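Worksheet: the structure to be examined is printed underneath.
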Amino acid sequence: MASLLWLPADARSLVQKGRNEAAVFRFKWGYEMPVDVLTKWVADKAQIYTQHAYMRPLGVAAMILGIDEEKGPQLFKCDPAGHFFGHKATSAGLKEQEAINFLEKKMKNDVAFSYEETVQVSIYVKIHRTLPHFCDH
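Taking the UniProt record's numbering, the leading residue of the sequence shown gets 1, the next gets one more, and so forth.
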């Protein structure tokens with residue numbers, strides 16, 4: 001699963017190419033592309049566009065989430081410059097830092113949430129980021 005922000009056309013293009021790359025990987029190797037490999041591929045594609053003056057960098061920040069057979073659940077965030085990092089929880093876009101601060105506070109004592117806690121925190125962050133005037137009261 002991936003979440004892409006900012007320019008929809010760049011996001012669609014990157015998703016289409018990523019799906020194709022994952023299909024080629026599965027055909028060639030006989031198993032699904034690991035999440036970290038897909039993220040590195042996305043980061044490499046984004047970084048290529050920063051090397052040449054005649055190419056516009058991709059206007060996409062990608063959050064890629066998947067379950068690796070060996071490493072378990074993984075979440076990566078990739079920026080338009082091609083940097084990518086693994087996270088336990090993250091946010092991107094409007095009020096990104098506020099959401100990250102909230103997630104850090106929530107996860108400070110308990111890094112492993114249950115399914116119900118994960119859903120509750122996700123909903124709270126989504127509401128808080130989209131309706132800030134509602135949550136301040």
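Even for Gly, the Cβ is constructed at its ideal location relative to N, Cα and C. Bear in mind that the values here come from a model prediction, so they are computed numbers and not experimental data.
Secondary structure note for residue 25: its alpha helix (DSSP H) is the uninterrupted segment 8–29. Counting only runs of 3+ residues, the beta strand (DSSP E) found wholly inside the segment 30–101 occupies 60–68, 72–78 and 84–87, in chain order. In this structure residue 122 is exposed. Its beta-carbon is surrounded by fewer than 16 other beta-carbon atoms within 10 angstroms.
Under the three-pair Cβ rule at 8 Å, the segment 29–36 counts as touching the segment 60–74. With contacts defined by Cβ atoms closer than 7 Å, residue 10 and residue 60 form a contacting pair. Note on the segment 103–131: there is no whole beta strand (DSSP E) run with a minimum of 3 residues. A distance of 7 Å or more separates the beta carbons of residue 35 and residue 97. Only residues of its own chain outside the window of five on either side were considered, and among them 57, 81 and 82 have a CB closer than 7 Å to the CB of residue 50, listed in chain order. Put simply, the backbone Cα of residue 44 is about 18 Å away from that of residue 5.
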